[in-house]
Amino acid sequence: VMIFGQNMGMSVLEDKSTKIIDVLLTSVTPTQLLSGKILGVGSAGILQFLVWVAIAIVATSYSGAMPLGNLSEYLTPQLFIMAAVYFVLGFIMVMSLFAAFGSMAETQQHYNQLVSGISVFMSLPFIVITPVTMTPDSTFSVVMSMIPIFSSSLMPVRIIAGDVPVWQLLL
3 VMIFGQNMGM SVLEDKSTKI IDVLLTSVTP TQLLSGKILG VGSAGILQFL
53 VWVAIAIVAT SYSGAMPLGN LSEYLTPQLF IMAAVYFVLG FIMVMSLFAA
103 FGSMAETQQH YNQLVSGISV FMSLPFIVIT PVTMTPDSTF SVVMSMIPIF
153 SSSLMPVRII AGDVPVWQLL L
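Just so we're aligned, residue 3 is where the sequence shown starts under the numbering used here, counting upward by one.
If you want it as structure tokens, here you go:
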């Protein structure tokens, strides 16, 4: 997600710095242009993610090294649907965030400075994933999974680890 986010920001910055954006905006609105970029780069990212999932499924099902056993009760179709929804929404949010930074930057160096802070912030879910897994119903876990930038990675973990109320899923 971070790699495709970087690609999105650099694409916006390149269009802006080469003045292509001026020509494009005579034909489409800024919303249409950004939506098209997010769909294009996002589709490539989601396709790559699906290929990785397919490879993981094939590798684990034929290797025999990782029997699913009791995991099948946790890995339900509803979980995969919820994880896909959270992934897609989180992916779109990250793409939009990086595109916003690309539109604010004047040079590639300026863009890198802007993005460095958010990149560190976006790694926070990987740091707090263990406490969330251990106590999915704690106040800390609930609050962290309600922060939009963290929801796409922490909410599926909470869904697997325990029962999440519907109102929290919708929120």
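For glycine and all other residues, C-beta sits at the position ideal for the given N, C-alpha and C.
Check each candidate in the options and name the one with the smallest Cα separation from residue i.
| i | options | result |
| --- | --- | --- |
| Leu-91 | Val-55, Ser-63, Ser-45 | Ser-45 |
| Pro-138 | Gln-111, Asn-114, Gln-170 | Gln-170 |
| Gly-38 | Ser-13, Lys-21, Phe-51 | Ser-13 |
| Ser-19 | Gly-47, Thr-109, Ile-57, Val-60 | Thr-109 |
| Pro-79 | Val-168, Val-166, Ile-162, Pro-167 | Ile-162 |
| Leu-41 | Asn-9, Ile-151, Thr-141 | Asn-9 |
| Ile-149 | Pro-127, Gly-164, Ser-140, Met-136 | Pro-127 |
| His-112 | Phe-6, Gly-11, Val-3 | Gly-11 |
| Ser-155 | Thr-141, Leu-35, Ile-129 | Ile-129 |
| Ala-86 | Val-55, Ala-102, Tyr-64, Gly-104 | Val-55 |
| Phe-93 | Ser-153, Thr-31, Phe-103 | Ser-153 |
| Phe-123 | Ile-151, Ile-131, Gly-164, Leu-172 | Ile-151 |
| Leu-172 | Ile-57, Tyr-88, Gln-50 | Tyr-88 |
| Met-4 | Ala-101, Leu-52, Gln-34 | Ala-101 |
| Met-136 | Asn-114, Gly-164, Ser-125 | Gly-164 |
So, under 8 Å CB-CB, residue i and residue j are touching, yes? Tell me the CB distance rounded to an integer number of Å.
| i | j | result |
| --- | --- | --- |
| Ala-107 | Leu-116 | 6 Å |
| Pro-133 | Ser-147 | The Cβ separation is near 11 Å, so there is no contact. |
| Met-97 | Pro-158 | Not a contact, Cβ separation roughly 19 Å. |
| Val-166 | Arg-160 | 5 Å |
| Gly-47 | Phe-6 | 4 Å |
| Gly-104 | Leu-49 | So it is not a contact: roughly 22 Å between Cβ atoms. |
Is any heavy atom of the ligand ADP found at a distance shorter than 8 Å from the C-beta of residue i?
| i | result |
| --- | --- |
| Gly-119 | By its list of ligands, the structure shown contains no ligand whatsoever, and the ligand ADP lies outside what it can speak to. |
>> Please give me, in chain order, every unbroken run of the alpha helix (DSSP H) with length at least 4 that falls completely inside the segment 67-143.
In response: 79-106, 110-124, 126-136
> Any chance the segment 118-138 sits against the segment 15-28, with 3 or more Cβ pairs inside 8 Å?
Replying inline: no
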